[in-house]
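Visitor: In my numbering, the protein residues as written are 272 to 494. Quick one: the structure is below, and I'll ask about it shortly.
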């Protein structure tokens, strides 16, 4: 039988793929070259949250979001990674026709410090609602802690769930909340826990794109 050789590398081969040996044929396909050499993830220097585009989450979550576009490539069957210091080590498994190929890629992980939009708004004193707590003096510190705990919880789902200002007044205090929805949730929680009376008033704060913007004042009275 006449020996066959790959026309590209000259290696002896029994089976050809589009006129090439297996190695030369597979070398035509490379997804690692399509990957960038660095991944830039932003981190707010105030709240510590990580961001990639419009997404926020852990570094691992954001890397997986970053890699989702590459999973759409037809030849790619799976992709895995590990993080070591400021590097991401990627392993890509491909299938081309009946052949399998594994590629590896080392990508720089760059953490860029920023001030996120929510923290910038908080620092500027932005608020959508005021919670006015009026209660016996012996309950005030407990209620303030309850509000702080609620804010910490709600901020996981609502970036505007923050306190931009706090003012002590006679018989209570006023808390300025960035998110109207979160302020209303806090008011409902306090109503149930302390059997509080709730009164909500709305005031026009301005206009945005021709629509009136309202701020809520939520009076919480606890006897």
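Even glycine gets a Cβ: it sits at the ideal position worked out from N, Cα and C.
#1: Considering just the uninterrupted stretch of the alpha helix (DSSP H) at residue 424, what are its terminal residues?
#2: Quick check: the Cα distance between residue 358 and residue 347, rounded to an integer number of angstroms?
#3: Can you tell which of 293, 472, 412 has its C-alpha closest to the C-alpha of residue 369?
#4: Can you tell me the Cα-Cα spacing of residue 323 and residue 309, whole angstroms?
#5: How should residue 401 be labelled, buried or exposed, when 16 other C-beta atoms within 10 angstroms of its C-beta is the threshold for buried?
#6: Please classify residue 425 as buried or exposed, where buried requires at least 16 other C-beta atoms within 10 Å of its C-beta.
#7: Whole angstroms are fine: how far does the CA of residue 361 sit from the CA of residue 337?
#8: Whether or not the segment 478-492 and the segment 402-421 are in contact is what I'm after, with contact meaning three or more pairs of Cβ atoms, one per stretch, closer than 8 Å; do they touch?
#9: According to DSSP, is residue 315 part of a helix, a strand, or is it coil?
#10: Could you pull the DSSP bridge partners for residue 439 from this structure?
#11: Taking C-beta to C-beta, are residue 457 and residue 421 nearer than 7 Å?
#12: Cα separation between residue 448 and residue 351?
#13: Any idea if residue 418 is buried or exposed, counting beta-carbon neighbours within 10 angstroms, 16 or more meaning buried?
#14: Apply the 10 Å Cβ neighbour rule to residue 475 and answer buried if 16 or more other Cβ atoms are within range, or exposed otherwise.
#15: For the beta strand (DSSP E) holding residue 334, just list the boundary residues, first then last.
Guide: Let me lay it out:
#1: 408-425
#2: 22 Å
#3: 293
#4: 13 Å
#5: buried
#6: buried
#7: 12 Å
#8: yes
#9: strand
#10: 444
#11: yes
#12: 41 Å
#13: buried
#14: exposed
#15: No beta strand (DSSP E) holds residue 334; the alpha helix (DSSP H) holding it covers 330-339.
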